[in-house]
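Inspection log for the structure reproduced underneath, given as structure tokens.
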Amino acid sequence: MNKTLFDKVWDSHVVKSIKDGPDVLFIDRHMVHEVTSPVAFLGLKKRKINVLFPDRTFATADHNTPTINQHLPVADPLSAKQLKALETNAKDNGISYWGLGHKKNGIVHVIGPEYGITQPGATIVCGDSHTSTHGAFGAIAFGIGTSEVEMVLATQCIIQPKPKKMRITIDGKLNNGVTPKDVALFIISKLTTSGATGYFVEYSGQVFESLSMEGRMTVCNLSIEMGARGGMIAPDKKTFDYIKNREFTPKKLEFDRAMKYWRTLKSDEKAKFDKEYIFNASEIEPMITFGTNPGMGLPISKSIPKASSVIGDPSTYKKSLEYMGYNEGEKMIGKKIDFVFLGSCTNGRIEDFRAFTNIVKGRKKANNVTAWLVPGSHKVLQSIKNEGLLNVLNESGFELREPGCSACLAMNDDKIPPGKYAVSTSNRNFEGRQGPGSRTLLGSPIVAAAAAVTGEVTDPRIFL
Amino acid sequence: MAYEKFNILNSTAVPLPIENVDTDQIIPARFLKATERKGFGDNLFRDWRFFSDNRPKKDFILNNESFDGKILVAGKNFGSGSSREHAAWAIYDYGFRCVVSSFFADIFRNNCLNIGVLPVQISDNFLEEIFRTIEENPKSEFKINLPKQQILNLSKNKSENFDISSYKKENLLNGYDDIDFLNSIKNDITSFAKKSPL
Ligand code: SF4
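Protein sequences, first through last, are from chains U and D.
Add 1276 to the 1-based position in the first sequence for my numbering, that's all there is to it.
Add 39 to the 1-based position in the second sequence for my numbering, that's all there is to it.
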């Protein structure tokens, strides 16, 4: 055998191959949220077809939801209408719906793993590009458009060309202060935002093996930011321990049977990849971005590169720096910031809140900083309280909000004002992503924490 | 959703020589709150096109009357970022039927093909020449020939071929969508599902 992990999962889900064309791929599990689904449900209605397998689809409200006073009616009429539409569509079609206030509610990519919807060897899609997160479990998981959401609802299949395969191997031991987020930002800075377009990535090597499931999710989540359809990591003991006894995972004998299959889910020794990258852990430092795409990242202690030294169109590069209000050659350390956002499907899990709390403990939030701490789900929120993190955060002058996507894409009221700088643990620093005119610096939870207590870009290692 | 068939398109083009244009620029998140597919063209490139008080930004290409047409020509790596099909809808709804670039993000490309917008990927050099051609004369015409998989820069009399899967090409030429096809193999799907328990 010489198949990659990706081949094994993909090939076992092909219902039919179209000659000289794409494959018809069976989808095991489908996640749905309020923004990319209404037009799909409308399409079904127009065609007069029902959802084929309602128990394979799970719906949650996250993109539009407020992060304060979730018990009150949603004030924005458009958001309220969209949320209502999802609720009605789910109910009419017999789909489980975890709406606002539901104890299982949260960001779609945070709750999937929490409840065992995400499993090794499965195909998982959602009308959201960061569906790649679920690849951390050895699943093929990727984002789709609304037409495809409609396809999956109607037929539990989508039509996809098989992507090429890339492997990224990183061996060695990570330096102090280097988190999974830094590993991902490092890779994207090397490959650029289009470096993996057309590929599905497998992450392998000691670094990824050593990461917790949360850390692996952060890495796979960011695969899309280098253009990849998705990323995946072969399941191992950590994966199996994580998913055991979750609501939607197989139980007892069936679990054992599933384990037999899951254990075969790794790339064969002779498997061929279309492209390979190899890095060493020692090359990676805590990272931060300085521009308007996630590939514009650098080690936090370094200076903004000169236009002449970067690949790509110099005028696009200059336009980006102009938007950020930065100049070539400037140091990132010491740059004033206004906001800190801890959250999103990239870094809104319990481990991220532990890391953040660990740094701010015994220190105070800087006066010039507004901090939004938004758990990825109710389960995360509950753990923050149960583990006593909330008290520590409160003592340091931080408040916690209710779960949702929040300032990651600023569809609700959590918008960074024009011209203001935010250190954000989310995934995109595009122009206006966090609100019109907002300026985003992407970093890890500890980079965010260090900035939150000093009010400026700070090397988190001084606090470790 | 059915869409207009695509065969041969002769048109002038609108140039956007910026690299890495992401879906948040094509359509910002705050305009994704609709529950119907309507009116997205008004918000295409919203924050590049309008000031926050809705006054048009004169120097943005869509506000320049010298340029128009059904073809959008954009810099390398167009459409990266989110999976929002709204980005493709906005482009279609504004009146574009074809986007030309030297590189496209994956999901965006799929989304375009699924709604009847043809993504045409060409070499960097050919793209550069198109930008120059439009700069010299905004009324320059281009011909997109889907059956031949060819793009023609008419005023320079130069052409290049582009790739598209034969399945998708057939769909575009006939205005079919994937659900029509998937429904025709429903039996295969349901028997497959039995082998693949939850
Ligand atoms: S947290 Fe951000 S990236 Fe993740 S699903 Fe929500 S909006 Fe998308």
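The C-beta atom is built at its ideal place from N, Cα and C for all residues, glycine as well.
By DSSP's criteria, residue i is part of a beta bridge. Which residues make up the other side?
i: U:Tyr1697; result: U:Arg1715
i: D:Glu199; result: D:Ile190
i: U:Lys1528; result: Paired residues: none, contrary to the question.
i: D:Ala52; result: D:Ile110
i: U:His1306; result: U:Thr1333, U:Val1401
i: U:Met1442; result: U:Val1477, U:Lys1551
i: U:Asp1299; result: U:Ser1293, U:Gln1436
Distance check for residue j and residue i, CA to CA, integer angstroms please.
i: U:Lys1527; j: U:Lys1548; result: 35 Å
i: U:Pro1581; j: U:Glu1604; result: 6 Å
i: U:Ala1361; j: U:Gly1610; result: 46 Å
i: D:Lys109; j: D:Arg94; result: 24 Å
i: U:Lys1440; j: U:Lys1279; result: 13 Å
i: U:Ile1738; j: U:Ile1446; result: 26 Å
i: U:Val1729; j: U:Pro1570; result: 24 Å
i: U:Phe1674; j: U:Ala1726; result: 13 Å
i: U:Glu1424; j: U:Glu1627; result: 33 Å
i: U:Gly1448; j: U:Pro1575; result: 18 Å
i: U:Ser1620; j: D:Leu48; result: 42 Å
i: D:Trp128; j: U:Met1687; result: 19 Å
i: U:Lys1520; j: U:Met1493; result: 17 Å
i: U:Asp1689; j: U:Val1495; result: 28 Å
i: U:Ser1288; j: U:Lys1594; result: 47 Å
i: D:Ser121; j: U:Ala1642; result: 33 Å
i: D:Ile218; j: U:Ile1303; result: 15 Å
i: U:Glu1523; j: U:Asp1338; result: 21 Å
i: U:Ile1692; j: U:Ala1698; result: 7 Å
i: U:Gln1346; j: D:Pro56; result: 43 Å
i: U:Ile1660; j: U:Glu1732; result: 26 Å
i: U:Asp1544; j: U:Trp1286; result: 15 Å
i: U:Asn1670; j: U:Ala1631; result: 15 Å
Could you name the residues of chain U that residue i contacts, counting a contact when the two beta carbons are closer than 8 Å?
i: D:Gly114; result: Asp1589, Thr1592
i: D:Leu101; result: What D:Leu101 touches in chain U: nothing, since even the nearest Cβ is about 16 Å away.
i: D:Phe231; result: Val1291, Phe1302
i: D:Phe221; result: It is worth fixing the name first, because residue 221 of chain D is Leu in this sequence and not Phe. Correct list: Val1300, Met1427, Ala1430, Thr1431, Cys1433, Ile1435.
i: D:Ser235; result: His1289, Phe1302, Asp1304
On the CB-based measure, 16 or more other CB atoms within 10 Å of its CB, does residue i come out buried or exposed?
i: U:His1309; result: buried
i: D:Asn200; result: exposed
i: D:Asp63; result: buried
i: U:Met1277; result: exposed
i: D:Ser162; result: exposed
i: U:Ala1510; result: buried
i: D:His125; result: buried
i: U:Ala1351; result: exposed
i: D:Thr229; result: exposed
i: U:Ser1653; result: buried
i: U:Asp1517; result: exposed
i: D:Lys72; result: buried
i: U:Gly1695; result: exposed
i: U:Phe1317; result: buried
i: D:Phe90; result: exposed
i: D:Asn192; result: buried
i: U:Lys1274; result: Summary: the structure shown does not reach residue 1274 of chain U, with chain U confined to residues 1277 through 1740, and so no result is reported for it.
i: U:Ser1585; result: exposed
i: D:Lys262; result: With chain D covering only 40 through 237, there is no way to say anything about residue 262 of chain D.
i: D:Leu166; result: buried
Give the residues of chain U in contact with residue i, contact being defined as C-beta atoms less than 9 Å apart.
i: D:Asp98; result: Those within 9 Å of D:Asp98 in chain U number zero; the least Cβ separation is about 12 Å.
i: D:Pro177; result: What D:Pro177 touches in chain U: nothing, since even the nearest Cβ is about 20 Å away.
i: D:Ala129; result: Chain U residues near D:Ala129: none, gap ~13 Å exceeds 9 Å.
i: D:Lys225; result: Leu1328, Thr1431
Run down chain D in chain order and give the residues with a C-beta less than 7 Å from the C-beta of residue i.
i: U:Gln1358; result: Lys72, Thr74
i: U:Gly1419; result: Ser122, Ile146
Quick one: list the residues of chain D neighbouring residue i, beta-carbon separation under 9 Å, in chain order.
i: U:Arg1704; result: Asp61, Asp63, Gly120, Ser121
i: U:Val1311; result: Ala68, Leu71, Lys72, Arg123, His125
i: U:Arg1709; result: Asp61, Asp63, Pro67, Ala68, Gly120
i: U:Arg1539; result: What U:Arg1539 touches in chain D: nothing, since even the nearest Cβ is about 18 Å away.
i: U:Val1308; result: None at all; the shortest Cβ gap to chain D is about 13 Å.
i: U:Met1600; result: Here the premise fails: no neighbours, minimum Cβ distance about 14 Å.
Taking Cβ-Cβ distances shorter than 8 Å, what residues in chain D pair up with residue i?
i: U:Asn1569; result: Asn59, Asp61, Ser119
i: U:Ser1672; result: The contacting residues do not exist; U:Ser1672 stays about 31 Å from chain D at best.
i: U:Asn1340; result: Lys72
i: U:Gly1503; result: Asn116, Ser119, Ala144, Asp145
So does residue i have its beta carbon nearer than 6 Å to some heavy atom of the ligand MG?
i: U:Asp1296; result: By its list of ligands, the structure shown excludes the ligand MG, since it contains just the ligand SF4.
Worksheet item: Looking at chain B, which residues of the segment 86 to 97 of chain D have a Cβ within less than 9 Å of any of its Cβ atoms?
Response: The structure shown contains no chain B; its protein chains are U and D.
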